[in-house]
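Undergrad: Read in order, the letters of the sequence shown correspond to residues 493 to 779 in the working numbering. Virtual Cβ for every residue (Gly too), placed ideally from N, Cα, C. Because the structure is a prediction, the values reported are computed rather than measured.
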Amino acid sequence: MSAEKEKKLRSKRRNAVIGKVCIYAILLLITAAMVVPFLWMLSASIKSNREVFLMDPFEWIPKVPKWDNYIKIWTKIPLLKFVQNTVFLTIVVTCLQLLTSSFAAYSFAKLEFKHKNALFLAYIATIAMPWQVYMVPQFIMMRAMGLNDKLLAMICLQAFSAFGVFMMKQFYDGIPIDLCEAARIDGMSEYGIYAKIMLPLSKPALSTLTIFTFVNTWNDYLGPLIYLKTETKKTIQLGLKMFIGQYSAEYGLIMAGSVLSLIPVIIVFLCLQKYFVEGVASTGLKG
């Protein structure tokens, strides 16, 4: 019996090892599928237009790297102005979404008022509706308000997020209501509870929402394309399109601009990654 048990134990260990090897192999394949496009983009950013799609032979690092692509990108188009517009738009929208989402989520999670659940469900139901369905009515509304071709139109449309409210409410639901009740007994107002108790406790959720909002706003292309027509008001995503002409495209410069546009997103993620996983886990497991 001991020999048979030992055989079964070795078989279980072997199966466990095989299972781990398979899992790691799948993870490596997924990682490669995600990383290789970025490596290709970095490689293409220092190549000439002819070398970008040259496959025989393919070179990750060309013999004569065209580092001047990163200089030309600033001189051929007003990239600095595009970056300034994008930074301004992204920071303002992110700050407003953090404020409006956390404030509304606190009301839905910790306050009692008439038709609260129905209002919350109606608001959250808009997540399932694609933006393309109502972008035309939005455009007509912004034009009627005189906000066409203005960054303010983008700010007004993106300052509120049903997804942000939902995520923050999920987090606030996990905070004991006793904290709020004790603060109310001590005479603290609802604004004080929100500012001094809820916000300090919600750093993981706020960090996660910051990353999502920052990335979506920074990379947004369709919204600025619809509302922004004047060149001095365009964002970096629209600016990169200026390297695509009717008959040709300067892919080396496009890739260089894409690399530069990734830097702020990477910086924001690295600064907030400490709270990112915690925020996703804490907002996703409660409900």
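(1) Taking SER537 as the reference, give the member of ILE758, ALA748 and ILE755 with the closest Cα.
(2) By the DSSP assignment, the alpha helix (DSSP H) with PHE663 in it spans what residues?
(3) Can you find the residues in the same chain that come closer than 6 angstroms, C-beta to C-beta, to ARG505, ignoring five residues on each side of it along the sequence?
(4) May I ask you to report which of helix, strand or coil DSSP gives ALA741?
(5) Taking only runs that begin and end inside the region 555–621, name each unbroken alpha helix (DSSP H) of 4 or more residues, in chain order.
(6) Which term fits SER681, buried or exposed, when burial requires 16 or more other beta carbons within 10 angstroms of its beta carbon?
(7) If you scan the region 677–763 from start to end, which runs of the alpha helix (DSSP H) of 4 or more residues do you find wholly inside it?
(8) Compute the distance between the beta-carbons of ALA597 and MET660, then report whether it is under 9 angstroms.
(9) Can you tell me whether DSSP reads ILE553 as helix, strand or coil?
(10) Taking 7 angstroms as the limit between beta carbons, can you name the residues of its chain near GLY744, skipping five residues before and five after?
(11) Roughly how many angstroms lie between the CA atoms of LEU644 and THR582, to the nearest whole one?
(12) Indicate the three-state DSSP secondary structure (helix, strand or coil) for GLY645 in the structure shown.
(13) Going by C-alpha to C-alpha distance, which of VAL625, ILE563 and MET533 sits closest to GLU551?
(14) Less than 7 angstroms between C-beta atoms, sequence neighbours within five positions excluded: which residues of the same chain meet that for LYS573?
(15) Would the region 592–612 and the region 711–719 be scored as touching if the rule is three or more Cβ pairs under 8 angstroms?
(16) Could you check whether GLN729 and THR578 sit closer than 9 angstroms to each other, using their CB atoms as the reference points?
(17) Are any of the Cβ atoms in chain C nearer than 9 angstroms to that of LYS766?
(18) Tell me where the alpha helix (DSSP H) around ALA636 begins and ends.
(19) With 16 as the cutoff for other CB atoms within 10 Å, does MET526 come out buried or exposed?
(20) What does the alpha-carbon distance come out to for the pair ALA610 and ALA617?
(21) Going straight from the alpha carbon of TYR686 to that of TRP566, what length do you get?
(22) On the three-state DSSP scale, how would you describe LYS539?
(23) Going by CA-CA distance only, name the one from ASP678, PRO692 and ALA654 that's closest to TYR615.
TA: Quick look at the numbers:
(1) ALA748
(2) 654–665
(3) none
(4) strand
(5) 561–568, 571–602 and 608–616
(6) exposed
(7) 682–685, 695–710, 714–719 and 728–732
(8) yes
(9) coil
(10) ALA536, SER537, LYS539, SER540, ASN541, VAL544, LYS558 and ASN561
(11) 12 angstroms
(12) In the sequence on display, residue 645 carries Ala and not Gly. ALA645 falls in the helix class under three-state DSSP.
(13) MET533
(14) THR724
(15) no
(16) yes
(17) Structure shown: chain C not included; a single protein chain is present.
(18) 623–636
(19) exposed
(20) 10 angstroms
(21) 44 angstroms
(22) coil
(23) ALA654
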